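Colleague:
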Amino acid sequence: MVLSKNSGGHRGMQESMYSVIALVFILVACVELCDAAAAIDVYRLIQYDMSGSAYGSRFAVLNHHAASLHFPPGADLSRAVLIIPLRELNITFVREYINQKKPLGGLLFLLPDIFSFENGGNKQVHEKEKLKNLLAELEQLLIHANIPYPVYFAFENDEIDTVLVDIKKNDAIGQPATATTGGYKLVIPTPEPKKVASPTITNIQGWLSGLKVDGDTNQLPTIAIVASYDTFGAAPALSVGSDSNGSGVVALLEIARLFSLLYSNPKTRGRYNLLFGLTSGGPYNYNGTQKWLRSFDQRLRESIDYAICLNSIGSWDNELWIHVSKPPENAYIKQIFEGFSNVAEELHIKVGLKHKKINISNPRVAWEHEQFSRLRVTAATLSEISTAPELLQGTGGLFDSRQFVNETAITRGVKLVAESLARHIYGHQGKNVQIFADGGSLAVNPAYIQSWLDLLSQTPRVAPFLSKNDPFVMALKKELADHTDEVNMQHEVLEGVFTFYDSTSARLNIYQVASVTFDLLLLLVLGSYLIVLFSFLVITTRGLDDLISLFRRPPSRKVKTA
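In structure tokens, the structure reads:
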């Protein structure tokens, strides 16, 4: 095939021109997301199914413009993400949007730093309690709703505060962010959530053997001290449960430490076995406790004199409650309550008794001790909570942070339980004998309590997202092994009516985007500049005639084949 030099030069010019035009469109396509205003960590609202019904946030990907609560009346929010600081939250507004299923692109709630792991903030007690109660109400609303758009939580910081000020300013003057007007865009490019396959729960138990007299073949009686360690909340990546039930776990570990000192010496070893259990699956009907108890052989179960379950004992003032399933007039219940009451009186603590009969035909249990009661084992729960919680209520949610837990309350709770158990074990009921007196070698250690409380308050513990070899689970096992014998772990699949989904945290990119008008203007300026530059280069290198020839239609030529 024969091609003229003229045709080859002309084609080269055309290719150069096409390259320039392509460059222009690439530059314009990049204009919208060219200015990153902030990038922050965000935590997604939990997504789960219960008995086949969907709850929580059903989506994770976010790519919409940002809006504030100052949006103009009648604004279309179907492609907007509302940024709502907790302190500005109108719970009625959010409830209306969710319950009436109004279209919304997404929700981003900004939490004060008093709810973060690291920072407690400097707010007044009254303001803290107000925000805590508001967050608790919001959390219950969100976890029991089916929300067809992404919902995230983040902590306030200077970056997001600066962005929100701009958004509010634009919304206030009637210029909310859209593709036409520009503004800020929130982008989370995360994979869509997937079901968590066969979530595991792990129970950890330790044993302190009592002293048997030579020749005695009877099995020693056993006292069980139990606490559930996992949590459930609106944001799994933030659910640390400092009080529920971090306080119970800390108390159990300190009680194990104290009795290990007594039982390490044959002269002070009691004639009771002590069984310590750290159970999982607490928020889900105490599923782990049920499986743990069913793993016991009948002889061990029958040897349990009673079990004391520790639940939320970190934020009380002067009164704790003993919850039981058997009637108060039951001889065993009377003995337990009188033993605790006598010690409580000496410690200037009030202890009340709450009786709640269990319904064998209903699998739902409100307290951990009820799983023992179902197997006819005498048990009680010690808690600052006076009424039985509903399902998924008070299980270590967003509001249950370190700032609302007092290690002094846990210390007093430990002394109450430890002294009551010791008097029962050594037969000192009714006697004013302090085995764990302050200042002695068996004194409760506040520093130990504080260190473990701090660790628990920085560790999210939602069971479906804790593997059986999770570093925290292994740390619990190691700590219990330091104070007890025959420590072992029980791994089970979480059974029941729950299905969980992953994608619990992500990185949010906030971009400042230009309006369409700006894009068009920029395109015009860039295009004009490149055309002038291109023309100048052609004229200076090839002459005006070559520039004009580019815009002429080339004459048709017959190409002859040799």
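Take the sequence shown: its letters are residues 6 to 567, numbered as in our numbering. Where a beta carbon is used, it is the ideal one built from N, C-alpha and C, also for glycine. Predicted model, so just to flag it, every value in this text is computed and none were measured.
(1) Suppose the cutoff is 7 angstroms on Cβ atoms and the five residues either side in sequence are ignored; what does the same chain contact list for Ser121 look like?
(2) Since I believe Leu283 is in contact with Ile209 (beta carbons under 8 angstroms), could you give me their beta-carbon distance rounded to a whole number of angstroms?
(3) Please look up how many angstroms separate the CB atoms of Glu101 and Leu74, rounded, as I've assumed it's under 8 angstroms.
(4) Do you know how far the Cα of Ile440 is from the Cα of Arg262?
(5) Enumerate in chain order the residues of its own chain whose CB-to-CB distance from Trp326 is below 6 angstroms, with the five nearest sequence positions on each side excluded.
(6) Buried or exposed for Asn278, please, with buried defined as at least 16 other CB atoms from any protein chain shown within 10 angstroms of its CB.
(7) Spatial neighbours of Leu82 within its chain, please: CB distance less than 8 angstroms, with the 5 preceding and 5 following residues excluded, ordered by chain position.
(8) So, for Arg274: in the same chain, excluding its five sequence neighbours on each side, which residues have a beta-carbon less than 6 angstroms away from its beta-carbon?
(9) Just mark Glu259 as buried or exposed, buried being the case when its beta carbon has 16 or more other beta carbons within 10 Å.
(10) Tell me the rounded alpha-carbon separation between Ala47 and Gly319.
(11) Taking the alpha carbon of Val245 as the reference point, which residue from Pro271, Phe409, Leu305 has its own alpha carbon closest?
(12) By how many angstroms is the C-alpha of Asn151 removed from the C-alpha of Val254?
(13) Would you tell me roughly how many angstroms separate the C-alpha atoms of Gly548 and Asn68, rounded to the nearest one?
(14) Within 10 angstroms of the Cβ of Asn316, are there 16 or more other Cβ atoms? Answer buried if so, exposed if not.
(15) Taking the alpha-carbon positions, what's the Glu500 to Ser249 distance?
(16) Go through the segment 33 to 115 residue by residue and report every complete run of the alpha helix (DSSP H) that reaches 4 residues or more, in order.
(17) Taking 7 angstroms as the threshold (C-beta atoms), are Ala43 and Glu164 in contact?
(18) Out of Phe158, His488, Asn347, Gln105, point me to the one whose CA is closest to Lys420's CA.
(19) Please report the straight-line C-alpha distance between Cys39 and Tyr516, rounded to a whole angstrom.
(20) Is Glu101 close to chain B, meaning its C-beta is less than 7 angstroms from at least one C-beta of that chain?
(21) If you reduce the DSSP assignment to three classes, tell me which class Ile553 lands in.
(22) Just verifying my parser: in three-state terms, what is the DSSP assignment at Ala480?
(23) What residues are listed by DSSP as bridge partners for Val168?
(24) How many Å lie between Val33 and Leu529 at the Cα?
(25) Opposite His328 in the DSSP bridges: which residues?
Modeller: On the basis of the coordinates in this document:
(1) If we look at Ser121 and ignore the five residues flanking it on each side, its Cβ neighbours are Phe160.
(2) For a cut-off of 8 angstroms, the C-beta gap from Ile209 to Leu283 is around 4 angstroms, short enough to register as a contact.
(3) Their Cβ separation, rounded to whole angstroms, is 13 angstroms, which puts Glu101 and Leu74 out of contact at 8 angstroms.
(4) Taking C-alpha positions only, Arg262 is separated from Ile440 by approximately 14 angstroms.
(5) The residues are Gly357, Lys359, Ser388, Ser391.
(6) Under the 10 Å beta carbon count, Asn278 is surrounded by 16 or more other beta carbons and is classified as buried.
(7) Short of 8 angstroms from the beta carbon of Leu82, and not among the five residues preceding or following it, lie these beta carbons of its own chain, in chain order: Ala72, Phe76, Lys107, Pro108, Leu109, Gly110.
(8) Excluding sequence positions up to five before and after Arg274, its CB lies within less than 6 angstroms of the CB of Leu216, Tyr268, all in the same chain and listed in chain order.
(9) Per the 10 Å Cβ criterion, buried.
(10) What sits at residue 47 in the sequence shown is Val, not Ala. The alpha-carbon atoms of Val47 and Gly319 are separated by roughly 28 angstroms.
(11) Considering only Pro271, Phe409, Leu305, the residue with the shortest C-alpha distance to Val245 is Phe409.
(12) Distance between the alpha carbons of Val254 and Asn151 is about 33 angstroms.
(13) So the alpha carbons of these two residues sit roughly 50 angstroms apart.
(14) Asn316 should be labelled buried.
(15) Here the alpha carbons of Ser249 and Glu500 stand approximately 22 angstroms from one another.
(16) Whole alpha helix (DSSP H) segments, 4+ residues: 96 to 104.
(17) Yes.
(18) If we check each option's Cα against that of Lys420, Asn347 comes out closest.
(19) Legend: pLDDT at Cys39 = 48, less than 50; position of this residue unreliable, value from coordinates given subsequently. Cys39 and Tyr516 have their alpha carbons spaced roughly 7 angstroms apart.
(20) This model lacks chain B altogether, as it is built from one protein chain only.
(21) If DSSP states are grouped into helix, strand and coil, Ile553 belongs with the helices.
(22) Correct three-state label for Ala480: helix.
(23) Val168 is bridged by DSSP to nothing; it lacks a bridge partner.
(24) With a pLDDT of only 46 at Val33, under 50, the local geometry of the prediction cannot be trusted, and the value read off the model is given with reservation. C-alpha of Val33 to C-alpha of Leu529: approximately 10 angstroms in a straight line.
(25) In the DSSP output, where bridge partners are listed per residue, His328 has Lys359, Thr386.
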